[in-house]
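K.L.:
Handing you a structure now.
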Amino acid sequence: MKKLILLLLFVPLLSFGQEQNYPYKWPMYNDTNVNLEVEDPTFEINDGPLIMFDSTHKNFFIQSHLIKPLVDLLINDGYRVAFLDKEFSKSSLSQASVLVVITALPFDFATENSAADKNTFSENELDELQNWVTDGGSLLAFSEHAPFDQAINPLLRKFDIESSIGTTVDTINYESKYGPGMIKFENKNLNTNHPIVNGKYKVEKLVSFGGSALLGSKYENILKLDESSFNVKHSTGIGPEGKGNSQGLAGMYGSGKVAAFGDSNGFTAMVFNMDDGTKMYAGMNTEGYDWKNFVLNTFRWLTNYSEE
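Written out as structure tokens, the structure is:
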């Protein structure tokens, strides 16, 4: 069995910072062969709601362009896409239907180990974001393994969600090819009553690629963690702190909606070159898993789309 290399964990944080300037040559890259076509688009091209990506908080996936497959898929489904390079405010968020906050940090990824004593978001920003969602906006937010979990927790807490700190594994429900850090969600661990799972596109099996565990009793648990899951120390030396029961939560917040995930890689399409010469695929390009369909359903739910 191959030893699992948790996504984004195996980057030697300190040595990279010493050897070269950011951005680095990362060991992962976008899969240019992934099928991102949408056979029956939700909206006419460039006619759908505006999906806005936060890009002002050192967002690693945006800085490294690993967000491109998700953007391409959304455009193919008819959504409009923009990048927000300003702080959250009533004015800056006014045109957005959905705000996506993914891999946010107070520093460039891999330049520091811990975000515990740093502010990624100002208190005013978080208040403005909370008000925007309460008034009808939709938020898609991602935690991750450390230090992303530390950085995003103040934002998640505004919406009554808590992320564990470190990284989450499962000793029973995992992809045997890579080990307990690739957690599988199927059958009873996948909430088939929620439209993100039971939507237009078929979702029967997902796998996460590391990340954190979430707690949020006010939300529906979409990706349920078993008791065989637990939080461990991250390779940076951070954690473990806390233990969640989910890697996917979704529900109403005021007049708006919130979806939060403990791992962001399913919304990408990355390729990793492994030490033995093979390739590892992570995200919408992972064979046998339904991430592409899950992503499409997620945005349909967040934008309140109805077939009726």
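Start counting the sequence shown at 68; every next residue gets the next number (the numbering used here).
Beta carbons: idealized from backbone N, C-alpha and C, even for Gly.
Tell me which residues share the same chain as Leu-117 and place their Cβ nearer than 7 Å to its Cβ, disregarding the 5 neighbours each side in the sequence.
P.N.:
The count along the sequence shown starts at 1 and reaches residue 117 at position 50. Once the five neighbours on either side are set aside, the close Cβ partners of Leu-117 are Arg-147, Ala-149, Gln-162, Ala-163 and Ser-164.
K.L.:
Is Asn-126 buried or exposed, if buried means 16 or more other CB atoms sit within 10 Å of its CB?
P.N.:
Numbered from its first residue, the sequence shown carries residue 126 at position 59. Looking at its Cβ environment, which holds 16 or more other Cβ atoms inside 10 Å, Asn-126 is buried.
K.L.:
Thinking C-alpha only, which one of Val-168, Gly-283, Phe-328 and Lys-255 is nearest Ile-129?
P.N.:
Along the sequence shown, read from residue 1 onward, the residue named residue 129 stands at position 62. If we check each option's Cα against that of Ile-129, Val-168 comes out closest.
K.L.:
Would you mind sorting Thr-345 into buried or exposed? The rule is 16 or more other CB atoms within 10 Å of its CB.
P.N.:
Counting from 1 along the sequence shown, the entry for residue 345 is found at position 278. Label assigned to Thr-345: exposed.
K.L.:
Under 7 Å Cβ to Cβ from Ile-112, same chain only, skipping five residues before and after it: list those, please.
P.N.:
Here residue 112 is taken as the residue at index 45 of the sequence shown, counted from 1. Taken in chain order, the residues that qualify are Gly-145.
K.L.:
Between Glu-354 and Phe-334, what straight-line distance do the alpha-carbon atoms span, to the nearest angstrom?
P.N.:
As a first step, residue 354 is located in the sequence shown; it is residue number 287 there, counting from the start. As a first step, residue 334 is located in the sequence shown; it is residue number 267 there, counting from the start. In a straight line, the C-alpha of Glu-354 is about 14 Å away from that of Phe-334.
K.L.:
Assuming Gly-329 contacts Ser-295 under a Cβ cut-off of 8 Å, what Cβ separation, rounded to an integer in Å, is found between them?
P.N.:
The count along the sequence shown starts at 1 and reaches residue 329 at position 262. The count along the sequence shown starts at 1 and reaches residue 295 at position 228. That belief does not hold up - the Cβ atoms of Gly-329 and Ser-295 are roughly 16 Å apart, past 8 Å.
K.L.:
Any contact between the stretch 240-251 and the stretch 175-184? By contact I mean 3 or more CB pairs, one from each, below 8 Å.
P.N.:
The stretch 240-251 is not in contact with the stretch 175-184.
K.L.:
From Phe-215 to Leu-172, what does the alpha carbon distance come to, in whole angstroms?
P.N.:
One-based indexing of the sequence shown puts residue 215 at position 148. One-based indexing of the sequence shown puts residue 172 at position 105. Going from the Cα of Phe-215 to the Cα of Leu-172 covers about 6 Å.
K.L.:
From the DSSP output, which residues share a beta bridge with Lys-272?
P.N.:
Sequence index remark: in the sequence shown, residue 272 carries index 205 (1-based). The partner list for Lys-272 (beta bridge, DSSP) reads Glu-253.
K.L.:
I'd like to know whether the C-beta atoms of Pro-94 and Ala-336 end up nearer to each other than 8 Å.
P.N.:
For this step, residue 94 is matched to residue 27 along the sequence shown. For this step, residue 336 is matched to residue 269 along the sequence shown. No. Outside cutoff.
K.L.:
Please say whether Tyr-286 and Thr-201 have beta carbons closer to each other than 8 Å?
P.N.:
For the purposes of this step, residue 201 is identified with residue 134 of the sequence shown, where counting begins at 1. For the purposes of this step, residue 286 is identified with residue 219 of the sequence shown, where counting begins at 1. Going by C-beta atoms, Thr-201 is not nearer than 8 Å to Tyr-286.
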